[in-house]
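Enquirer:
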Amino acid sequence: MNIIANTGRIFLSFMAYLGGLLLFAIKTVTHIIRPPYYPSQIFRQIFEIGYLSLPVVGLTAIFTGMVLALQSYTGLSRFSGESAIATIVVLSVTRELGPVLAGLMVAGRVGASIAAEIGTMRVTEQVDALVTLNTNPFKYLVAPRVLACTLMLPLLVLCADVIGVLGGYLVSIHKLGFNPALYIEKTFKYLEVQDVMSGLIKATVFGFMIALFGCYQGYHSKGGAQGVGQATTSAVVSSSISILILNYALTATLFTN
Amino acid sequence: MTKNIKIQIRDLHKSFGNNHVLRGVNMDVHEGESVVVIGGSGTGKSVLLKCILGLVTPDKGSIKVDGEELTIMSPSQRDKVLQKFGMLFQGGALFDSLPVWRNVSFDLIHNKKSSLSKSREIALEKLKEVGLSERILDLSPSELSGGMQKRVGLARAIASNPEILFFDEPTTGLDPIMCGTIDNLIKSSVKHLGATAISITHDMTSAKFIADRLAMIYEGAIIWDGTVKELSTCKNEIVQHFINGHKHYQTSKK
């Protein structure tokens, strides 16, 4: 009986969590749409989330592209299929690795910092202080972060796509001895707009989820430093897992043909 | 007291899970009056203030400000009523991402749409009112001492000339001299603004100094209220225990 009761309890609390998250998401979207807006906050978040994440995302992308070229070469050379390396690199990076790896890196960097910042503001009563100063915390704290992250992740992924392909190119030319012109031709030969677009659409969804989890966990954190620590961990874990699950769901439903 | 009732609370209840914090609070605060709510830790003092501000939704009961019922208001109506309030938080609750002057003029910049230069002037004026100098305008709150943070918090609370001021444990964690300074500042700013004030504290020296009237909260309800004079002659055992406990503590310290 205890096992059943516990399972039920876990299920119920999970559903309550999902419900809370959904309500939070709806509230966030309505606050993003409806005035007043805080442009200075939005620009600051665009700078912090977008621009400052560029080095991390760029590094991830270049090494991913490089290792992808090496690994595909190892596999493909076994049946003389080396000529497909350029296509494999560009399709893997744009459709899959760009959005997922950039998403995971941003979840670690930005999701954690959002949860920690809002969480600390919550436990030091700064969120309450906003209310007493006639400022809605959703509008001032949550909406700018979610908006900025949703807009910036696709741009970061676009950069990651270019840098990732460049990584593959560098390894293929300098280490594997490919012809540069031929490699570039192969890269673009089979690439379609849809490949890049599907990655960018995924990135938009991931960007929204990362900031949403960060804000949600931070906003509901309790009990001092420990609570903020827990909020940060949950934000990173739940946004990373949701990225992996949504990535499969989006690929399976929208982007396969 | 012939003045209008500014805040009226009737049968206010609030629970957190199994913890029944407020169990039917009844309270009237008249216009221009300074009421201090005393009581031990965990008796629901902070929750009471948070219910009035709408930071916590009460389970049952009525809260009226200027005759308007707060518990059934739409968020936009509530925002209008909230403009009447200013609050000094226990830890100051200054925004650490903003410099001191931006903290003080936060409401002016974001909601009253006043220009940055004018807001800075007003911030300086308010900081001077609480005895701070121009020097700290551009500092970050984390560079200030606890007492200074409290004073900046007070300057921020009074910056948009609120009709109602709340003070949450204004003297907790400060040295005795700073406590006196903060008490004086609270008294003078409330008087200066002509504001209605509710303070919550367990510091009796501070309470007797600030209060026109005291209210004792115990087990989630107001069990006694009266003036500072009436307090010493009050026969309520719980109130006496609360005050005497404090006195014993003070004498033993001497």
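So the sequences go chain by chain: A and B. Counting in the working numbering, the first sequence runs from 586 upward without gaps. Counting in the working numbering, the second sequence runs from -17 upward without gaps. Glycine residues also receive a C-beta, built at the ideal position from the N, C-alpha and C atoms. Only a predicted model underlies this, so the values are computations on that prediction, with no experimental measurement involved.
Counting C-beta neighbours from all protein chains within 10 Å, is the total for P640(A) 16 or more, i.e. buried, or is it exposed?
Expert: Its Cβ having fewer than 16 others within 10 Å, P640(A) is exposed.
Enquirer: Just the Cα atoms here: how many angstroms apart are L686(A) and L835(A)?
Expert: Each residue's alpha carbon lies about 16 Å from the other.
Enquirer: By the three-class DSSP mapping on this structure, what secondary structure does G6(B) have?
Expert: Residue state, collapsed to three classes: strand.
Enquirer: Report the residue from F224(B), L37(B), C161(B), S99(B) whose alpha carbon sits nearest the alpha carbon of R707(A).
Expert: Selected option, being the one with the closest Cα: L37(B).
Enquirer: Does the beta-carbon of G574(A) have 16 or more other beta-carbons within 10 angstroms, so that it is buried, or is it exposed?
Expert: The requested residue 574(A) is not part of the displayed model; chain A covers only 586 to 842.
Enquirer: What's the C-alpha gap between L743(A) and Q779(A)?
Expert: Cα to Cα, the separation comes out at about 13 Å.
Enquirer: Taking the alpha helix (DSSP H) that F609(A) falls in, what are its first and last residues?
Expert: 587 to 618 is the extent of the alpha helix (DSSP H) around F609(A).
Enquirer: Using the C-alpha atoms, what's the distance from D746(A) back to K110(B)?
Expert: Straight-line Cα distance between these residues: approximately 55 Å.
Enquirer: Is the CB-CB distance between S819(A) and I795(A) below 9 Å?
Expert: It is not a contact, given that the beta carbons lie outside the stated cut-off.
Enquirer: What three-state label does DSSP hand Q65(B) in the structure shown?
Expert: In the structure shown, Q65(B) sits in coil (DSSP, three-state: anything other than H, G, I, E or B).
Enquirer: How should Q59(B) be labelled, buried or exposed, when 16 other C-beta atoms within 10 angstroms of its C-beta is the threshold for buried?
Expert: Q59(B) should be labelled exposed.
Enquirer: Quick check for students: name the residue ranges of the beta strand (DSSP E) that lie wholly in the stretch 170 to 200 of chain B, counting only runs of 3 or more.
Expert: The stretch 170 to 200 of chain B contains these whole beta strand (DSSP E) runs: 178 to 183, 195 to 200.
Enquirer: Just checking my contact of G650(A) with L776(A) at CB under 8 Å: how many whole Å lie between their CB atoms?
Expert: Their Cβ separation, rounded to whole angstroms, is 14 Å, which puts G650(A) and L776(A) out of contact at 8 Å.
Enquirer: Using DSSP with H/G/I as helix, E/B as strand and the rest coil, what is I626(A)?
Expert: Residue 626(A) is actually Gln in this sequence, not Ile. Helix.
Enquirer: With a cut-off of 9 Å, does the C-beta of A728(A) fall near any C-beta of chain B?
Expert: Judged by the 9 Å Cβ criterion, A728(A) is not in contact with chain B.
Enquirer: Label D207(B) either buried or exposed according to how many other C-beta atoms from any shown protein chain fall within 10 Å of its C-beta, with 16 as the threshold for buried.
Expert: Buried: at least 16 other Cβ atoms inside 10 Å.
Enquirer: Could you give the residue range of the beta strand (DSSP E) that holds F(-2)(B)?
Expert: Where F(-2)(B) is concerned, the enclosing beta strand (DSSP E) stretches over -13 to -2.
Enquirer: Runs of 4 residues minimum, wholly inside the stretch 753 to 822 of chain A: which ones carry the alpha helix (DSSP H) assignment?
Expert: Fully enclosed alpha helix (DSSP H) runs of 4 or longer: 765 to 774, 778 to 804.
Enquirer: Give me the Cα-Cα distance between V695(A) and I627(A), rounded to the nearest whole angstrom.
Expert: If you take the alpha carbons of V695(A) and I627(A), they lie about 15 Å apart.
Enquirer: Please report how far the alpha carbon of C33(B) lies from the alpha carbon of S127(B), in whole angstroms.
Expert: Their Cα atoms are separated by approximately 30 Å.
Enquirer: So, is the C-beta of Y623(A) closer than 9 Å to a C-beta in chain B?
Expert: For Y623(A), the answer is yes, since a Cβ of chain B falls inside 9 Å of its Cβ.
Enquirer: Kindly indicate which residue of G808(A), F763(A), A788(A) has the alpha-carbon position closest to the one of N832(A).
Expert: If we check each option's Cα against that of N832(A), A788(A) comes out closest.
Enquirer: Nearest-angstrom Cα distance between F71(B) and A141(B)?
Expert: For F71(B) and A141(B), the distance between alpha carbons rounds to 15 Å.
Enquirer: Using only alpha-carbon positions, find the residue among G155(B), T153(B), L106(B) that is nearest to R138(B).
Expert: Minimum Cα distance to R138(B) is reached at L106(B).
Enquirer: Spell out whether any CB of chain A is found under 9 Å from the CB atom of M69(B).
Expert: Taking Cβ atoms only, chain A reaches closer than 9 Å to M69(B), which makes this a yes.
Enquirer: Are K27(B) and E145(B) touching if we call contact CB-CB under 9 Å?
Expert: Contact flag unset, no.
Enquirer: Is it the case that the stretch 710 to 722 of chain A contacts the stretch 753 to 769 of chain A, given that we only count it when at least three CB pairs across the two stretches are under 8 Å?
Expert: Too few Cβ pairs lie closer than 8 Å, so no.
Enquirer: Using a 10 Å radius around the Cβ and a threshold of 16 neighbouring Cβ atoms, would you call Q232(B) buried or exposed?
Expert: Low confidence applies here, because Q232(B) scores a pLDDT of 41, under 50, leaving its location unreliable and the question unanswered by this model.
Enquirer: What are the residues that DSSP puts in a beta bridge with G208(B)?
Expert: Looking at the DSSP assignment, G208(B) forms a beta bridge with L196(B).
Enquirer: Would G113(B) and T39(B) be called neighbours here (beta carbons separated by less than 9 Å)?
Expert: Not in contact: G113(B) and T39(B) (Cβ atoms no closer than 9 Å).
Enquirer: Name the DSSP beta bridge partners of V82(B), please?
Expert: Per DSSP, none; premise fails for V82(B).
Enquirer: Skipping 5 residues on each side, what residues in its chain have a beta carbon closer than 7 Å to that of H230(B)?
Expert: Its pLDDT being 44, under 50, H230(B) is placed unreliably in this model, and the coordinates cannot settle the point.
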